[in-house]
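> Below is a structure I'd like to ask you about.
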Amino acid sequence: MRMRVRSLRFGLALAAASLFAAAAAEAAPERFRDLQVEVIGEGRPVVMIPGLNSAAGVWDETCAALQASRVQCHIVQLPGFAGLEPVATDAFLPAMRDRLLAYLRERRLQRPVVVGHSLGGFLALQMAIASPQAIERLVIVDSLPFMPAGINPQATVENSRPVAEQLRQTLLHGDRDSAQYRQMMSVFSRSPERVDTIVAWGRASDRETGAKAMYELMTTDLRAQLGAIRTPTLVLASWAGYAHYGVTEEMSRAMLRRQYAGLDGVRIELSRDGFHFLMWDDPQWLQAQVREFIAAADERDGGARAEGR
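Just so we're aligned: the sequence shown equals residues -27 to -1, 1 to 282 in mature numbering (1 follows the signal peptide of the UniProt record, and there is no 0).
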């Protein structure tokens, strides 16, 4: 009996993967202003935003795993990253926030879930602050409302500017073909093959876009604005990649609680094993967390509809 159940589960998983592959092959990414968006599946819209210098493909496996939960993935490629042509902006993050919110409005996405990794998570927070009613739920993957305070609790926007400028110059002029660059990227994933992908994406990214975006991340503090968010929020975070620096799980948890103290009802979960790219390093854990969080939204919507009858 157990063998039959396992075989059935394997068959269902294989069928879901085959359907996803067919859908992905048929779906051509559409252009929306300066964004590129690939839409896959049918069901509740889930907008997936990658991080700095990342390709939209970082979300492919997560999207495939969620298809059995009847979601429609809207996988975003940000301009200037991983080979997509850059766009001129005075400020990158506000411009991308506004484009993403316009996408939700103009595509008339109903009760969307927004999932963002790293810089994408920061954008998701900015979206929910600017337009609290536009988003049903937020999933923030390894991102902070103020990055410098993750290292130095006394950090402010002003005292972070010199470090931000130094990092900006490094991104503008650093040698992305060097062994040192690859070593820097190795803290982001346990897998050497995935690190190779991260390095390739970085090399294909526009230097000015990445440098500007990083400077803005380092000099924008969202903590005091988190109270504007009315959206149930799940934060999925890593710590294992920084363990060799002396960082412990409890230290990471305490830092996250401080960072998100202004967001009522936030739920924070830490992966025990994954590095920064949690969707690759701890995929089953991340997929289960997201699936459960979306299911809770579906149950709430179903209950609300039943009460309204």
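Glycine included, each C-beta is placed from N, C-alpha and C at the ideal position.
Predicted, not measured: the structure shown is a model, and the values here were computed from it.
Do residue 98 and residue 126 come within 8 Å of each other at the CB atom, strictly closer than that value?
no
> Does the distance from the CB of residue 186 to the CB of residue 73 come in under 8 Å?
Using a Cβ distance threshold of 8 Å, residue 186 and residue 73 do not count as a contacting pair.
> What are the boundary residues of the alpha helix (DSSP H) that residue 146 is part of?
130 to 146
> For the candidate residues 57, 42 and 257, whose alpha-carbon lies nearest to that of residue 49?
57
> Our contact map puts residue 51 next to residue 19 with C-beta atoms below 8 Å; I'd like the distance itself, whole angstroms only.
Not a contact, Cβ separation roughly 17 Å.
> Relative to the alpha-carbon of residue 272, which residue among 102, 96 and 109 has its alpha-carbon at the smallest distance?
109
> Per DSSP, residue 173 is paired with what?
According to DSSP, residue 173 bridges with nothing at all.
> At 4 residues or longer, and completely inside the region 6 to 72: list those alpha helix (DSSP H) runs for me, N to C.
33 to 39
> For residue 89, which residues does DSSP report across the bridge?
Answer is 22 and 113, bridged to residue 89.
> Got a sec, what are the start and stop residues for the beta strand (DSSP E) residue 286 sits in?
Here the chain comprises residues numbered -27 to 282, so residue 286 is not present and cannot be evaluated.
> Tell me whether residue 195 sits in a helix, a strand or coil according to DSSP, three-state version.
coil
> Is the beta carbon of residue 23 less than 8 Å from the beta carbon of residue 31?
yes
> Looking at the strands, I want to know which residues DSSP matches up with residue 243.
210
> Pull up the distance between the alpha-carbon of residue 163 and that of residue 172, whole angstroms please.
14 Å
> DSSP three-state call for residue 101: helix, strand or coil?
helix
> Rounded to the nearest angstrom, what separates residue 217 and residue 160 at their Cα positions?
10 Å
> Might you give, ordered along the chain, the residues of its own chain that have their beta carbon closer than 6 Å to the beta carbon of residue 252, omitting 5 neighbours on each side?
35 and 259
> Going along the chain, which residues of its own chain have a beta-carbon closer than 7 Å to the beta-carbon of residue 55, five neighbours each way excluded?
Result list for residue 55: 26, 27, 28, 174, 177 and 178, in chain order.
> Mind the definition here: the region 76 to 93 touches the region 192 to 200 only if three or more C-beta pairs lie below 8 Å; say whether that holds.
no
> Work out the CA separation of residue 9 and residue 81 for me, nearest whole Å.
17 Å
> Quickly, what does DSSP pair residue 3 with across the bridge? List them, please.
10
> Under a three-way DSSP split, which group does residue 159 fall into?
Reduced to three states, the DSSP call for residue 159 is helix.
> Under three-state DSSP, which class holds residue 238?
In this structure, residue 238 counts as coil in the three-state DSSP scheme.
> Do the region 237 to 251 and the region 142 to 152 make contact, defined as three or more Cβ pairs closer than 8 Å?
no
> Measure the CB-CB distance between residue 114 and residue 209 and report whether it falls below 8 Å.
yes
> Relative to the alpha-carbon of residue 112, which residue among 104, 53 and 94 has its alpha-carbon at the smallest distance?
94
> So what does DSSP say about residue 250, is it helix, strand or coil?
DSSP places residue 250 outside both helix and strand once states are collapsed to three, so it counts as coil.
> Just the C-alpha distance for residue 215 and residue 103, rounded to the nearest angstrom, thanks.
32 Å
> Determine the closest residue to residue 70 out of 223, 205, 6 and 246, with distance taken between C-alpha atoms.
6
> With distance defined between alpha-carbon atoms, name the residue in 96, 91, 132 and 134 nearest to residue 116.
91
> So residue 225 and residue 247 are in contact, right, with Cβ under 8 Å, and what is the actual spacing, rounded?
Between residue 247 and residue 225 the Cβ distance is about 12 Å, and since that is not below 8 Å, they are no contact.
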